[in-house]
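Let me begin by presenting the structure, written as structure tokens, before commenting on it.
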Amino acid sequence: MNGLEALFAPDRWPAFACVSARFSGLFLIAPLWSMASVPRRVRAAAIVVFSAALLPTCPPLSTAPHALELPMMMAGELSIGVVIGLSAALIVYGASLAGEVVSTQMGLSLGPALAPMPELESPGLAQIQSFLALGIYVQLGGHVALLRGVAESLTQLPPGTPLDPGNGVALVALGRTLFEAAVATAAPVIVALLLANVALVVLSRAVPHLNAMMVSLPISTAVGFVITGALLPWTAGALEHGFSNLPFAIERSVAALTAGGH
Numbered sequence: 000m001n002g003l004e005a006l007f008a009p010d011r012w013p014a015f016a017c018v019s020a021r022f023s024g025l026f027l028i029a030p031l032w033s034m035a036s037v038p039r040r041v042r043a044a045a046i047v048v049f050s051a052a053l054l055p056t057c058p059p060l061s062t063a064p065h066a067l068e069l070p071m072m073m074a075g076e077l078s079i080g081v082v083i084g085l086s087a088a089l090i091v092y093g094a095s096l097a098g099e100v101v102s103t104q105m106g107l108s109l110g111p112a113l114a115p116m117p118e119l120e121s122p123g124l125a126q127i128q129s130f131l132a133l134g135i136y137v138q139l140g141g142h143v144a145l146l147r148g149v150a151e152s153l154t155q156l157p158p159g160t161p162l163d164p165g166n167g168v169a170l171v172a173l174g175r176t177l178f179e180a181a182v183a184t185a186a187p188v189i190v191a192l193l194l195a196n197v198a199l200v201v202l203s204r205a206v207p208h209l210n211a212m213m214v215s216l217p218i219s220t221a222v223g224f225v226i227t228g229a230l231l232p233w234t235a236g237a238l239e240h241g242f243s244n245l246p247f248a249i250e251r252s253v254a255a256l257t258a259g260g261h
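Using numbering that gives the first Met the number 0, the first residue of the sequence shown is number 0, and each one after it goes up by one.
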């Protein structure tokens, strides 16, 4: 029996299915790997190739799973991949959320309501922030770090290992990543817009004939664009810091799923 036949021997199929499920969970949520622009066939082929490449390093299942246990086992492996993907996805979602918040504060969210064709959505700054985060993510090799995280998780959390539901509370801490990324990206602009609005209120009190409602929107928009552009290096640095800690975040997330892990 040659190496390829031994790799796909019948006793290795359960392990191959578990590894494939883990990669499938990753490809459901991970930035770049989950993009709709990537054809499903390409993603499916990538899952098969990556799973076959890692199968020799995957420890065999301790016991052959029963037919009734297989769906729960696959769901567990899928959830592991999703958790690993969330380690990076939450940073990108946080940047996008920050763009949405800043767009609202600048008044750009009024675009769809006032547009002659309201069915056309205005992306505002959310897409710009998302593309910035995605570019830094790819530049730092975040997409490769996720694949490496799945490979290392096969040793840290072998396929078929029961997950500890009690440690689900630890996974809630991943939501802090979303909040931190959003605050780090949006807070300076929001503070600047708040100060601009306070200045407009004071000016309207000093000049009663000034229509503050008419001038607040263009001033808020201009201040928002200027501050956003000026703080792009700082925003990129905050995102770079988040993605640089991605391997540690993946390891911590997988450890939280381990029975007895904290």
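Every residue gets a Cβ at the ideal spot worked out from N, C-alpha and C, and that includes glycine.
_Under DSSP, the alpha helix (DSSP H) around H292 begins and ends at which residues?_
Within the shown structure, residues of the chain are numbered from 0 to 261, placing residue 292 beyond reach of any answer.
*Could you check which residue in A185, P30, C17 and L96 has the C-alpha nearest to that of Q138?*
Here residue 138 refers to the residue found at position 139 of the sequence shown. Looking at the Cα atoms, P30 is the closest of the given residues.
*asked:* Going by DSSP, what residue range makes up the alpha helix (DSSP H) through V143?
replied: Here residue 143 refers to the residue found at position 144 when the sequence shown is read from its first residue. That run of the alpha helix (DSSP H) goes G141 to Q155.
*Do T257 and A150 have their CB atoms nearer than 9 Å?*
Locating residue 257 in the sequence shown gives position 258, counting from the first residue. Locating residue 150 in the sequence shown gives position 151, counting from the first residue. The Cβ atoms of T257 and A150 do not sit closer than 9 Å to each other.
*Please report how far the alpha carbon of P187 lies from the alpha carbon of A74, in whole angstroms.*
To locate residue 187, count along the sequence shown from 1; it is residue 188. To locate residue 74, count along the sequence shown from 1; it is residue 75. Using only the alpha carbons, I get a separation of about 41 Å.
*Which of helix, strand or coil does DSSP assign to L113?*
Numbered from 1 along the sequence shown, position 114 holds the residue referred to as residue 113. Here L113 scores only 49 on pLDDT, less than 50, and its place in the model should not be relied on; the value that follows carries that caveat. In this structure, L113 counts as helix in the three-state DSSP scheme.
*Look at the alpha carbon of G241 and the alpha carbon of R251, and state the distance between them as a whole number of angstroms.*
Locating residue 241 in the sequence shown gives position 242, where the first residue counts as 1. Locating residue 251 in the sequence shown gives position 252, where the first residue counts as 1. One Cα belongs to G241, the other to R251, and the distance between them is close to 14 Å.
*With DSSP as the reference, label T257 as helix, strand or coil.*
The count along the sequence shown starts at 1 and reaches residue 257 at position 258. Assignment of T257 by DSSP, reduced to helix, strand and coil, places it in the strand class.
*If you follow the alpha helix (DSSP H) that W233 is part of, which residue opens it and which one closes it?*
Within the sequence shown, numbered from 1, the residue matching residue 233 stands at position 234. From DSSP, the alpha helix (DSSP H) with W233 extends over L231 to S243.
*Expressed to the nearest angstrom, what Euclidean distance is found between the alpha-carbon atoms of A20 and V225?*
To locate residue 20, count along the sequence shown from 1; it is residue 21. To locate residue 225, count along the sequence shown from 1; it is residue 226. Cα to Cα, A20 sits roughly 46 Å from V225.
*Are the beta-carbon atoms of L124 and L145 separated by less than 9 Å?*
Reading the sequence shown from its first residue, position 125 is the one you call residue 124. Reading the sequence shown from its first residue, position 146 is the one you call residue 145. Going by C-beta atoms, L124 is not nearer than 9 Å to L145.
*asked:* When you compare the CB positions of S95 and S129, do they come within less than 9 Å of one another, or not?
replied: Sequence index remark: in the sequence shown, residue 95 carries index 96 (1-based). Sequence index remark: in the sequence shown, residue 129 carries index 130 (1-based). A contact, by the Cβ cut-off of 9 Å.
_Quick check on DSSP: helix, strand or coil for L27?_
Counted from its first residue, the sequence shown places residue 27 at position 28. Correct three-state label for L27: helix.
*By Cβ distance, which residues of its chain are closer than 7 Å to F22, with the 5 residues on each side in sequence left out?*
Locating residue 22 in the sequence shown gives position 23, where the first residue counts as 1. So the qualifying residues of the chain are I46, F49, S50, G80 and V149.
*State the DSSP-derived secondary structure class of L162, mapped to helix, strand or coil.*
As a first step, residue 162 must be located in the sequence shown, where it is residue number 163. Strand at L162.
_Using C-beta distances below 6 Å, list every residue in its chain close to L113, excluding the 5 sequence neighbours before and after it, in chain order._
In the sequence shown, residue 113 corresponds to position 114, counting from 1. Caution is warranted here: a pLDDT of 49 is assigned to L113, below 50, making its placement in the model unreliable, and no coordinate value can be reported.
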